[in-house]
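Residues in the sequence shown are numbered from 2 upward in steps of one, following the numbering used here. Ideal placement from N, C-alpha and C gives every residue a C-beta, glycine not left out. Worksheet for the structure shown next.
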Amino acid sequence: MRFISQTPRRSVPRGIPRRDRPRHAAPQRPAPRHAAPPLRALSLLLVGGRLILGSGSIAHAQSPDSLAAPPVAAVPTGSDAAAPESASAAPALRSVTAAGFVNVDSLVVIRTFALRPGQLYDAKEVRGAVRRLFATGLFTDVTVTDTPAEGGGVALVVRVAERPHVKEILFRGAKKIEETTLKGKLTVVEGQLLDAGTLEVDARKIEAAYEEQGYAHAKVAPRTETIGAGAVRVTYEITEGPKVKVRGIEIHGNHDFPSKALAKAMKSRTPGFLASGTWKPAQREQDEAALRLHMRSRGYKDADTDSIVAADTPDGSGVILHVYVREGPRYRFGNLSWHGNTAVSTPTLMLVTVPKTGGTYNEAQLQKTLEHAYTAYQEQGYLFLSIDPKMTDLDSIVDVDFQVQEGARSRIKDLAIAGNTRTKENVIRREAKVFPGDVFRRSALMRTQRDIFGLGFFQDVNVDYEPSGDSADINLTLKVQEKQTGTASAGAGFSSQSGLTGFLELGHNNLFGNGQSINIRLERGGKRNDFQLSFTEPWFHDTPLTIGFDIFNTRRNLDFYDRKDVGGGIRLGRPLRWPDYTRGTISYDLRDVTLSDFIAARAGEPSNLKTLRETKWPRRVSSVTLAFSRISTDNPFYPSRGSRILWSNEIAGGLLGGVESFYKETVENKTYTRLGGPFVLMLRGKAGFLGGPQVPDYERFRLGGTTVDYLRGYPDYYIVPRANIARDSISGEVLDRYPGGKTMLILTGELQFPIADPLHGLLFFEGGNAWNSTRELDLGDLRKSIGFGVRLEVPALGRIGFDLGYGLDREDGGQWEPHFQLGNTF
């Protein structure tokens, strides 16, 4: 008996090794097939098989020791009428059977092997069959054994060693990173066939994940353990080690640039107030690029970063970064020109050219110029253009010629929507400002992306495009990622204004995927009882006309009395053509206002309270409100640029009926500006004016806390006109702060920054006050405060906020005032 085996890296020898050849073998004449006796035929068959197959024994890959002896599956033999073999003819295959299989079906082995009983035995075909089995990736070893078959011919046994499958994946030693996060980095999954190479690749991915977290010395080693027939457990042994800190940065090769300035340009920093100092090897390329840009933006066109070498400190807890730079000579800009441009005029391109002749060479200015130029061309529909700034330097002067290859103008051939699992396609399409057949315009596409994101239905909105055939036309795809828009929540909340409350809220901002919103809220607590029902249809009869209604029954326990409002209203609104991003709204409200449960009368209290006690309640208020809003922010939740402007004017009484007659005007502006890094500056100004023959005291402006007219650092309703503060005539103690003012002003500056998404932090400085008339308004009489806070966006609850403000101008002296809100937006 002999066998042939093959591994993925070894093939069967084609010839007979010299040591196996007979030295004096004489040629023999083949005997007639009918004359060969059985024993002679068998011996000739063995010699013939040896001549065909070559060496009789070849090493093969080791099979797993744990595999039990498998059953053998046989393939039916060929026809018994096969011609008898002669001494020189190739023997016929009588049977082909498979062995060694555990999880793989035997028929897969036989069909892939593809040699059938009845065929003549051919070593070349056997080698090809073995290669086919290896090509499936299912086996680690394949051995082919031939034995003489009864009645002549050869019986082949194909023995395979299967690659085991991964039954379980474990992590040992993982403490700093969640196992679910590590599993997400892996290529191998449970149920997949084991591949040692893939395990090593995945180990490096895990190490890279640790490097991103600052564990630059983390080591990962994959281990496999057989846990059953054809199954293994993969365990990643993780040695995390400590976080590696940057203990120092040493610059080499600099002459004109101070080492401190170069180190500051890097993203890697030593530990400090705003820097963790964690060393992340993946930041090396970013540091090199930042250093190049820093030097090349200050005149050194040829400056470069050769390398950044991290040397471990003796205790292994940190590294010293050795940065090697080359500065080169300093340059200035010479002639600046544009060539090849026809769609965009040269004067227009010169306007967006940031560098100036005679100015210091600045690579950042060149990059900004290219950005502006590409934007100008994309606005005209040119997407597939190239702009190559050719630079010619002589001595210390660099001439720059921007060479433009415009290409063809692009039109939008198709606009597709992808990723909308709940929102109907027409809800997204009606926000689009780009349409099939239009010439591509960058501003229209950016506006489309912004408006779709502004719906509040999606976590993200991305744009993808691809060429349409051989032309310059493109197919656009708007890819959206749905987020939770429905709420069904119950629980408890707290705010300094409402105290502790329990609430039940059912709502949906994208009802049935149609973009409609409905909200029902029941809230009950010591200071507040509310029932509110609202509905909004943003596109009435497929037009941008918004209609809606509100029904409410609210009660608030205020400091001097309880206030109850019962009523409802209707709303109509639509976007305006000018100014951009602007919407106009008109609404009508009818409500009955009841003041009750007044505090006990006392000497020296404001006369207004006495009047209110004697008033017959309820009082009907019938009012119309005209409002305009312009919202151009880039993100509805955490904006980094743009503004929110809200103006409203409420008119009550007169021809509208009702008992009360007044007008109330408010205007608020929030402007967002991105500063360096992740910081965003928000500037807010809000002003209000009340007038009319009968201004209700309960409509006046009282500032402080987290009320509608919030001013942090002070309790709710703390700030009223100074003339309206009642004091004890002897001790000077404040007795009452009532009524509010007819004019108010609030100014806020807020520095916002992400902490860890979706958690954001802020620092604020604000001031405000209320006055009895516009003539009394005095910017030097603002009540000021400083403080800090955090914001957290929670699905189904909205925004959770906590602020700690320090009132600088309180009568009782400066002190900290906490402000907490759940379920409402500041």
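Every alpha helix (DSSP H) stretch that sits fully inside the stretch 101-148 and reaches 4 residues is listed by chain position as 107-114, 124-136. Judged by DSSP secondary structure, asparagine 427 falls within the alpha helix (DSSP H) whose first and last residues are 426-430. If you ignore the 5 residues before and after valine 622, its C-beta comes within less than 7 Å of the C-beta of Arg592, Val594, Ala653, Gly659, Glu661, all in its own chain and listed in chain order.
Exposed is the label assigned to lysine 617, since fewer than 16 other Cβ atoms lie within 10 Å of its Cβ.
In this structure lysine 281 is buried. Its beta-carbon is surrounded by 16 or more other beta-carbon atoms within 10 angstroms.
At a Cβ-Cβ threshold of 8 Å, lysine 268 and alanine 291 count as neighbours. Closest in alpha carbon position to valine 105, among Thr137, Tyr378, Ala93, is Thr137.
Its chain contains Gly341, Leu386, Ser387 as the residues whose beta carbon lies nearer than 7 Å to that of glutamine 406, once the 5 sequence neighbours on both sides are disregarded; these appear in chain order.
Inside the stretch 635-661, DSSP marks whole beta strand (DSSP E) runs of 3 or more residues at positions 643-653, from first to last along the chain. If you compare the alpha carbons of Gly516, Ser630, Arg556, Leu395 with that of lysine 425, the shortest gap goes to Gly516. Between threonine 199 and arginine 164, the C-beta gap is not smaller than 8 Å, which leaves the two residues out of contact. Take leucine 676, set aside five residues on each side of it, and the residues of its chain with a beta-carbon closer than 6 Å to its own are Leu682, in chain order.
The three-state secondary structure of serine 444, taken from DSSP, is helix.
In this structure, asparagine 650 lies away from glutamate 669, with their beta-carbon atoms at least 8 Å apart.
In this structure, asparagine 773 lies away from aspartate 782, with their beta-carbon atoms at least 8 Å apart. When DSSP states are grouped into helix, strand and coil, asparagine 725 belongs to the helix group. The beta-bridge partner set that DSSP reports for isoleucine 453 is empty. Residue pairing by DSSP places lysine 687 opposite Glu669, Ile747 in a beta bridge. Put simply, the stretch 352-359 does not touch the stretch 294-312. Fewer than three CB pairs are less than 8 Å apart.
When DSSP states are grouped into helix, strand and coil, tyrosine 589 belongs to the strand group. The shortest C-alpha to C-alpha distance from serine 644 to any of Ile632, Ser786, Arg234, Ile756 is the one to Ile632. Residue environment: alanine 217 is assigned as buried (16 or more neighbouring CB atoms within 10 Å of its CB, all protein chains considered). Your pair asparagine 421 and isoleucine 413 does not check out as a contact, with CB atoms roughly 19 Å apart and the cut at 8 Å. Counting C-beta pairs closer than 8 Å gives fewer than three between the stretch 688-698 and the stretch 720-735, which falls short of the contact rule. Within the stretch 163-226, the beta strand (DSSP E) runs of at least 3 residues that lie entirely inside it are, in chain order, 166-173.
From the listed residues Ala344, Lys244, Ala365, Gln404, the smallest Cα separation to glycine 317 is found for Lys244.
CA-CA distance, valine 159 to glycine 319, rounds to 57 Å. Take the alpha-carbon of lysine 611 and the one of alanine 724: they are about 18 Å apart. For proline 576, the secondary structure class from DSSP, reduced to helix, strand or coil, is strand. In this model, threonine 478 and glycine 470 are separated by some 16 Å (Cα to Cα). Judged by their CB atoms, tyrosine 715 and glutamate 615 are not nearer to each other than the 8 Å cut-off. If you check the CB distance, threonine 271 and arginine 248 come in under 8 Å. When the Cα atoms are used, glutamate 251 and leucine 763 turn out to be separated by approximately 34 Å. Distance between aspartate 590 and asparagine 520, taken at the CA atoms: about 18 Å. In this structure, the straight-line span from the alpha carbon of glutamate 179 to that of tyrosine 237 is close to 14 Å. Annotation: lysine 480 is outside any alpha helix (DSSP H); the continuous beta strand (DSSP E) that includes it extends over 475-483.
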